[in-house]
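**Q** Submitted below is the structure of interest, expressed as structure tokens.
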Amino acid sequence: MKVVAVYSTKGGVGKTTTAVNLAWEAAREFRVLLWDLDPQGAATFLLQVKPKVKGGVGALVSGDTKVGDVIRSTSNDALDVIPGDASYRDLDLVFDSAKKSERRVARILEKVADDYDLVILDCPPGASLVAENALFSADAVVVPLVPSPLSMRSLEQVTEFVAASISTAPIVAFLSMVDRRKTMHRDAIENLPRDNKAVTDVVIPATVQVERMGTMRAPIASYAPGAEAAVAFADLWSRVRATVKPKARKRKR
Ligand SMILES: Nc1ncnc2c1ncn2[C@@H]1O[C@H](COP(=O)(O)OP(=O)(O)OP(=O)(O)O)[C@@H](O)[C@H]1O
Ligand SMILES: [Mg+2]
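First residue of the sequence shown? That's 1 in this note's numbering, and the numbers climb one at a time after it.
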């Protein structure tokens, strides 16, 4: 089982949008679990899953709740979700009081290693212990970059954070929410992949079709499969797939 963390120190850059669409693409071929690590529960909402973790995430971390009891299915048979709810607000404190505090997510995931080929972690922004946990278990870190003078800075921050952690996971960065009418965005498309090996040439455009995920409560490929952004997310998945190389086990269901 391989683990992909969708992460940035910056908020609002398209992490959740990416996590949901990558999970959907991956589920065409693999058994996928998306873990919504954000108390806002946006990925949970987008996949139409009830934002409730029985007993709260603290009980899951302590082992009082079994992971199988919090996993929810989605409309896609190959895609399950561990929902995020308000109890995740205290997750940093919960981890902090646990032994080997940066390994708790990995420990929980070990229990479902036979049930899934791929886990996608939708991380909250910031350099928290939650993020450290996600990085520790990750085989790749997917980082959306919104073109701005600060986007390289956020990539540097992520790179430093990964380097300072125990993680050796490669970073797969890409441009998110791109508006080609803007000179700065066009410059970023040209310069960033050239100047930084971690930045792929995948470009996710800023479009209303992506925004509609919030009203459709579905991945873009399910309602606008031909849209530029849907094709770009499929392309991003093929890059991530080539990086982590998941193996499809025989399906149980
Ligand atoms: N390519 C895009 N085009 C248009 N809107 C987008 C695009 N990507 C994301 N958005 C919108 O931008 C907002 C933020 O996106 P998203 O929730 O994916 O970011 P995030 O990095 O997960 O945010 P947070 O840090 O709060 O978790 C959402 O309303 C989303 O619909
Ligand atoms: Mg998010």
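Glycine included, every Cβ here is placed at the ideal spot set by N, Cα and C.
Does the distance between the C-beta of T207 and the nearest non-hydrogen atom of ligand 1 fall short of 7 Å?
**A** Taking the first residue of the sequence shown as position 1, residue 207 is located at position 207. At least one heavy atom of ligand 1 is nearer than 7 Å to the Cβ of T207, so yes.
**Q** For S73, write down the residues that DSSP places opposite it in a beta bridge.
**A** Counting from 1 along the sequence shown, the entry for residue 73 is found at position 73. Residue pairing of S73 in beta bridges, as defined by DSSP: D80.
**Q** Write down the C-beta distance between A140 and A164 rounded to the nearest angstrom, noting that I regard them as a contact closer than 8 Å.
**A** Taking the first residue of the sequence shown as position 1, residue 140 is located at position 140. Taking the first residue of the sequence shown as position 1, residue 164 is located at position 164. That belief does not hold up - the Cβ atoms of A140 and A164 are roughly 18 Å apart, past 8 Å.
**Q** Per DSSP, P246 forms a beta bridge with which residues?
**A** Numbered from its first residue, the sequence shown carries residue 246 at position 246. BP columns for P246 are empty, so no partner.
**Q** Any idea if I166 is buried or exposed, counting beta-carbon neighbours within 10 angstroms, 16 or more meaning buried?
**A** Looking up residue 166 in the sequence shown gives position 166. I166 should be labelled exposed.
**Q** Under the assumption that N213 contacts T17 (Cβ atoms under 8 Å), give the Cβ distance between them as a whole number of angstroms.
**A** One-based indexing of the sequence shown puts residue 213 at position 213. One-based indexing of the sequence shown puts residue 17 at position 17. The sequence given here places Met at residue 213; Asn does not occur at that position. Going by Cβ atoms, the distance from M213 to T17 rounds to 6 Å, so yes, they are a contact pair.
**Q** How long is the line joining the alpha carbons of L79 and V231, rounded to whole angstroms?
**A** Here residue 79 refers to the residue found at position 79 of the sequence shown. Here residue 231 refers to the residue found at position 231 of the sequence shown. L79 and V231 have their C-alpha atoms spaced approximately 20 Å apart.
**Q** From the DSSP output, which residues share a beta bridge with I171?
**A** Here the question's residue 171 lines up with position 171 in the sequence shown. Note: I171 sits in a beta bridge opposite V141.
**Q** Classify S73 as buried or exposed, calling it buried when 16 or more other Cβ atoms lie within 10 Å of its own Cβ.
**A** Counting from one through the sequence shown, the residue named residue 73 turns up at place 73. Per the 10 Å Cβ criterion, exposed.
**Q** Quick check on I108: does DSSP put it in helix, strand or coil?
**A** Within the sequence shown, numbered from 1, the residue matching residue 108 stands at position 108. Helix at I108.
**Q** Taking 7 Å as the line, does the beta carbon of I189 fall inside it for any heavy atom of ligand 1?
**A** The count along the sequence shown starts at 1 and reaches residue 189 at position 189. No, the Cβ of I189 stays beyond 7 Å of every heavy atom of ligand 1.
**Q** Mind checking whether V142 and V172 have CB atoms under 8 Å apart?
**A** Walking along the sequence shown from the start, residue 142 turns up at place 142. Walking along the sequence shown from the start, residue 172 turns up at place 172. Closer than 8 Å, so yes.
**Q** Taking its Cβ as the centre, do 16 or more other Cβ atoms sit within 10 Å of P149, making it buried, or is it exposed?
**A** Numbered from its first residue, the sequence shown carries residue 149 at position 149. It counts as exposed.
**Q** Compare the C-beta of V70 against all C-beta atoms of chain B and say whether one is closer than 8 Å.
**A** Absent from the structure is chain B; it holds one protein chain and no more.
**Q** Report yes if the CB atom of D122 is closer than 8 Å to the CB atom of D38, and no otherwise.
**A** As a first step, residue 122 is located in the sequence shown; it is residue number 122 there, counting from the start. As a first step, residue 38 is located in the sequence shown; it is residue number 38 there, counting from the start. Contact: yes.
**Q** Do V244 and V4 have their beta-carbon atoms positioned less than 8 Å apart in this structure?
**A** Translated into the one-based positions of the sequence shown, residue 4 becomes position 4. Translated into the one-based positions of the sequence shown, residue 244 becomes position 244. Yes, these two residues count as a Cβ contact at 8 Å.
**Q** Is any heavy atom of ligand 2 found at a distance shorter than 7 Å from the C-beta of D38?
**A** Residue 38 sits at position 38 when you count from the first residue of the sequence shown. Because some heavy atom of ligand 2 lies under 7 Å away, the Cβ of D38 counts as near it: yes.
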